[in-house]
Amino acid sequence: MLPSAVIEKLPHRRMEAWKWTDVRRAVRDEVSGLSSVMTPRFTAPDGVSVTQGAAHPSDHVMGRLAQSFSDQSWNIYIPRGAKAAEPVLIEDMNRGHGRFAVMVDEGAEATFVEYHKGKAGSFANIEQNIHLAKGAKLIRIIVQDDPDDMTRIATSCIAAAEGTKLEQYILSFGGALTRLETRLYGEGANIEAVMNGAYLLSGSKHTDMTSHTELSHPDCYIRQSVKGVVTDKAKAVFQGKFLVRRDAQHTDAEMRHDALMLSERAEVRAKPELEIYADDVACAHGNTIGALDDSALFYMRQRGISLAEAKALLTEAFLASVFDDMDDEDMRESLMGQIKNWLGASYGV
Amino acid sequence: MSEPIKVKDSIDAETVDGVRALEADKYKYGFDSDIEQEFAPKGLNEDIVRFISEKKEEPEWLLEWRLEAYRRWLTLEEPDWAMVDYPEIDFQDMYYYASPVKKEGPKSLDEVDPEILEVYNKLGISLKEQEVLAGVEGAPKVAVDAVFDSVSVVTTFKDELAKHGVIFCSFSEAVKDHPDLVKKYMGSVVPVTDNYYATLNNAVFSDGSFVYIPPGVRCPMELSTYFRMNAQGTGQFERTLIIADKGSYVSYLEGCTAPMRDENQLHAAIVEIIVHEDAEVKYSTVQNWWPGDSEGNGGVYNFVTKRADCRGANSKVSWTQVETGSAVTWKYPSCILRGDNSQGEFYSIAITNGYQQADTGTKMIHLGKNTKSRVISKGISAGKSNSTYRGLVSAHRKATGARNFTQCDSLLIGNDCGAHTVPYVESDTPTAQFEHEATTSKLSDDQLFYCRQRGLSEEDAVALLVNGFCREVLQELPMEFAVEAQKLVAISLEGSVG
Chain A
1 MLPSAVIEKL PHRRMEAWKW TDVRRAVRDE VSGLSSVMTP RFTAPDGVSV TQGAAHPSDH
61 VMGRLAQSFS DQSWNIYIPR GAKAAEPVLI EDMNRGHGRF AVMVDEGAEA TFVEYHKGKA
121 GSFANIEQNI HLAKGAKLIR IIVQDDPDDM TRIATSCIAA AEGTKLEQYI LSFGGALTRL
181 ETRLYGEGAN IEAVMNGAYL LSGSKHTDMT SHTELSHPDC YIRQSVKGVV TDKAKAVFQG
241 KFLVRRDAQH TDAEMRHDAL MLSERAEVRA KPELEIYADD VACAHGNTIG ALDDSALFYM
301 RQRGISLAEA KALLTEAFLA SVFDDMDDED MRESLMGQIK NWLGASYGV
Chain B
1 MSEPIKVKDS IDAETVDGVR ALEADKYKYG FDSDIEQEFA PKGLNEDIVR FISEKKEEPE
61 WLLEWRLEAY RRWLTLEEPD WAMVDYPEID FQDMYYYASP VKKEGPKSLD EVDPEILEVY
121 NKLGISLKEQ EVLAGVEGAP KVAVDAVFDS VSVVTTFKDE LAKHGVIFCS FSEAVKDHPD
181 LVKKYMGSVV PVTDNYYATL NNAVFSDGSF VYIPPGVRCP MELSTYFRMN AQGTGQFERT
241 LIIADKGSYV SYLEGCTAPM RDENQLHAAI VEIIVHEDAE VKYSTVQNWW PGDSEGNGGV
301 YNFVTKRADC RGANSKVSWT QVETGSAVTW KYPSCILRGD NSQGEFYSIA ITNGYQQADT
361 GTKMIHLGKN TKSRVISKGI SAGKSNSTYR GLVSAHRKAT GARNFTQCDS LLIGNDCGAH
421 TVPYVESDTP TAQFEHEATT SKLSDDQLFY CRQRGLSEED AVALLVNGFC REVLQELPME
481 FAVEAQKLVA ISLEGSVG
């Protein structure tokens, strides 16, 4: 397919789900990875198999595009009852179209850590289909930090059966255009999901965190908290949707998005959506956008802390709650460390 | 007759009763009135546009305006992004003009067709000036512009208002008597190109109200327009223009009802409000168009564009709406907060029943410095209806110090309805503070504590605070036409979602 033909298929701002993230406009003909297949690197613990096999057909725009370059996917399988000691690492998702299928079988537990760090001037399109069988538990940690001229779209579709648990943490430093989309489909009752994310954007970076959670069975528990910081001329987009169907009674779902704007040219776009058909549910959403609290800054400066340090500390505290519930202390430290570095650089500490 | 619905225990019985009282089979305004009327030929083409303009004896510039809008409309496609579903509208299958025969323009009260007066009587709308002028105890002092189908039949209290320099008349009359004002402001808030239905309105608008409040004047009485659709198979396209000059104040109320009909009727109106420096406009609507019967047949399509331009510094607009009618509602009364320190408010209660569908909300566009907006939206869905709150709060890069607080809550009664929220928030300045909450359970801790300390149980304290809040929104409304609103006072929002 000619690059121009590929670009024609990219989503653009006249499509509601992409109104703030116009992929078509962001991508040039000559960008590397537009028409190639991704070659990721896996580190899998014992008992976890990684093979290549026929992929399932895709039902979303970027997945269908990936499909036209490869009908194969990287299949990762966690067997029934397995509790892998080490996480599965996925790296080198530098450019090209990548298709992944993950199956966590009944009662199994696994942790996946994905490092999205691409090559300058590239294009990466990732489609992940994750299936959580009955009683399975999955922890996903996604760290994304691309060069400021790279475009990355990563779409994860997660089908969760009865009694499954999902914990997902995303830390994003953006790119020229980054879209991290999570689509969670509840296919059974008693699902527990925590989907948190933090973004820190400087320069002209752009991150779009989009999620779509669809529940059709009762007694599910969903918590989503996305927090971010935007400075320079960067742009943050948050689109969250809870779709609670008629049979999803006793759903308990909360969504929050909070953004800190640190500069005159920063931009934040948010759309926390609810579509509710079941009456006996508790669904809430909140969204705030603002700057650091002046009185808190003053308090700290009065105690001898420099303005830059005070800003960094307050921002760090603001973002920290996103990763509070992480069991893996080392991982949490690592993520907070990356946040502190960014803050140090941004605030000149 | 509906069988008892299974409703979750936490919802107040009075609430369920209050909402059921609004069900289609209890619609009190659905009567038909046999008034002799004159119609334009059915369908829509340039000749019909000319027919309408001629009937109203409009100047050349307005006919050109209409024709340009019509030609543009032909090139447009109907938008389909709202969360509503309805059969395709056949724009050729309706009358675009209908007016009571014996009329030639708004007359004094004695000259109005008594049969028409009777219609308004039945609706509980007071068109009597005498009682009020004589200072009769308890008589409502509200000036009314009564619009019957496409035509304004009478505007009361014009003379008294004129003493204060206030112009309150039908739009058609304003075109003749105050053309400069109309030309200056018409289309300046909702441009002809704004959206599909606005463009259509610009081609075929019938009548509506025109209000001008001169500088420094606090309008001595409430102004209201009451829209009554009567003729079968007609579309109603009103146009209202309100101008509040520097330092003025006006409170305006809009009421509307329509007879029960099997087929759907289209209502595509435009309301433009311009508020100059230090002025304030309060616009309240009790919308009770025929919602369709309990099987979802018939009902009015209410597709309106309402927008206020807070042009001057310190200007303020407050939209209050109680939406109980209409088969399909598609409207977003909005504020452009252009002037520094300007304020916009939006208070809404939307109740849907039967097969009604509502996609409604507001847009608060912060452009000036230190602008504020407040959005309180309550949606109650029952029956098989769907109600969506769709809103936009945005701050331009230069809108330093913008503040918004939005609270939208939804309550579902029964398990066959839907309640949805689609809020868009766009901020381009770090000095803006935007807060959006959508949960009723979050009452002020201090207030709850205060009530409990005085001996109220937690449940009673919550009920008291929620009810108190709801009443506050309803009491924003002048009560003259708001019979339904009175019933709504009993409604509580316990057990709400969102």
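Protein sequences appear in the order of chains A and B. Following the numbering used here, the numbering of the first sequence begins with 1 at its first residue and continues without gaps. Following the numbering used here, the numbering of the second sequence begins with 1 at its first residue and continues without gaps. Just so it is clear, CB atoms sit at the ideal spot from N, CA and C, and this is done for glycine as well.
{"Query": "Roughly how many angstroms separate the alpha carbons of residue 131 of chain A and residue 244 of chain A, rounded to a whole number?", "Result": "20 Å"}
{"Query": "Enumerate in chain order the residues of its own chain whose CB-to-CB distance from residue 315 of chain B is below 6 Å, with the five nearest sequence positions on each side excluded.", "Result": "275, 279, 339, 342"}
{"Query": "Nearest-angstrom Cα distance between residue 150 of chain A and residue 123 of chain A?", "Result": "6 Å"}
{"Query": "Interface residues of chain B around residue 277 of chain A at Cβ under 7 Å?", "Result": "418"}
{"Query": "Do the CB positions of residue 419 of chain B and residue 274 of chain A come within less than 9 Å of each other?", "Result": "yes"}
{"Query": "In the DSSP output, which residue or residues are listed as bridge partners for residue 505 of chain B?", "Result": "It is not possible to answer for residue 505 of chain B, since the shown part of chain B is limited to 1 through 498."}
{"Query": "What's the gap between the Cα of residue 249 of chain B and the Cα of residue 62 of chain B?", "Result": "29 Å"}
{"Query": "Output the residue ranges of the beta strand (DSSP E) runs that lie fully inside the segment 257–336 of chain A and measure 3 residues or longer, sorted by chain position.", "Result": "267–276, 282–290"}
{"Query": "So which residues of chain A does residue 427 of chain B contact, with C-beta pairs closer than 9 Å?", "Result": "259, 261, 266, 267, 268, 269, 270, 289, 290"}
{"Query": "For the alpha helix (DSSP H) containing residue 53 of chain B, list its first residue and its last residue.", "Result": "46–55"}
{"Query": "Looking only at DSSP bridge pairs, what is residue 229 of chain B linked to?", "Result": "Residue 229 of chain B pairs with nothing; no bridge assigned."}
{"Query": "Do the CB positions of residue 238 of chain A and residue 215 of chain A come within less than 9 Å of each other?", "Result": "no"}
{"Query": "Under 9 Å, Cβ to Cβ, is there at least one residue of chain A near residue 434 of chain B?", "Result": "yes"}
{"Query": "Have a look at A/33, A/256, A/23 and flag the residue whose alpha-carbon is nearest the alpha-carbon of residue 1 of chain A.", "Result": "A/33"}
{"Query": "What whole-angstrom Cβ distance do residue 187 of chain A and residue 160 of chain A have, given they're in contact under 8 Å?", "Result": "6 Å"}
{"Query": "Along the chain, where does the beta strand (DSSP E) containing residue 388 of chain B start, and where does it finish?", "Result": "386–395"}
{"Query": "Check the DSSP bridge columns for residue 265 of chain B and list the partner residues they point to.", "Result": "B/300"}
{"Query": "Does any residue of chain D bring its CB to less than 9 Å from the CB of residue 422 of chain B?", "Result": "Of the protein chains in this structure, namely A and B, none is chain D."}
{"Query": "Does the pairing of the segment 255–268 of chain A with the segment 293–305 of chain A give three or more beta-carbon distances under 8 Å?", "Result": "no"}
{"Query": "Can you find a CB in chain B that lies within less than 9 Å of the CB of residue 286 of chain A?", "Result": "yes"}
{"Query": "Whose Cβ in chain A lies nearer than 7 Å to the Cβ of residue 430 of chain B?", "Result": "261, 262, 263, 264, 266, 291"}
{"Query": "Please list, in chain order, the chain A residues whose beta carbon lies closer than 9 Å to that of residue 264 of chain B.", "Result": "Neighbours of residue 264 of chain B on chain A: none; closest Cβ ~24 Å, over 9 Å."}
{"Query": "Would you please verify whether the beta carbon of residue 413 of chain B is less than 9 Å from any beta carbon of chain A?", "Result": "yes"}
{"Query": "Please identify, using Cβ separations under 9 Å, the residues of the segment 76–91 of chain B that lie next to chain A, in order along the chain.", "Result": "81, 83"}
{"Query": "For residue 397 of chain B and chain A, any beta-carbon pair shorter than 9 Å?", "Result": "yes"}
{"Query": "Between A/67, A/112, A/93, which lies nearest to residue 86 of chain A when the distance is taken from Cα to Cα?", "Result": "A/112"}
{"Query": "Let me confirm a value: residue 543 of chain B is counted as buried when at least 16 other C-beta atoms fall within 10 Å, else exposed. Which label applies?", "Result": "In this structure chain B extends from 1 to 498, so residue 543 of chain B is not present and cannot be described."}
{"Query": "Using C-beta distances below 6 Å, list every residue in its chain close to residue 277 of chain A, excluding the 5 sequence neighbours before and after it, in chain order.", "Result": "245, 246"}
{"Query": "If you follow the beta strand (DSSP E) that residue 331 of chain B is in, where does it begin and where does it stop?", "Result": "328–331"}
{"Query": "Residue 437 of chain B versus chain A: which residues are under 7 Å apart at the beta carbon?", "Result": "286"}
{"Query": "Within the chosen definition, does the segment 414–433 of chain B reach the segment 391–402 of chain B through at least 3 CB pairs nearer than 8 Å?", "Result": "yes"}
{"Query": "Along the alpha helix (DSSP H) that carries residue 182 of chain B, what are the first and last residues, could you check?", "Result": "179–185"}
{"Query": "Identify the continuous beta strand (DSSP E) that holds residue 69 of chain B and give its terminal residues.", "Result": "Run containing residue 69 of chain B: none in the beta strand (DSSP E); it sits in the alpha helix (DSSP H), 60–74."}
{"Query": "Output yes if chain A places a C-beta closer than 9 Å to the C-beta of residue 410 of chain B; else output no.", "Result": "yes"}
{"Query": "Quick one: Cα of residue 15 of chain A to Cα of residue 325 of chain B, how far?", "Result": "32 Å"}
{"Query": "CA-CA distance, residue 251 of chain B and residue 322 of chain B?", "Result": "16 Å"}
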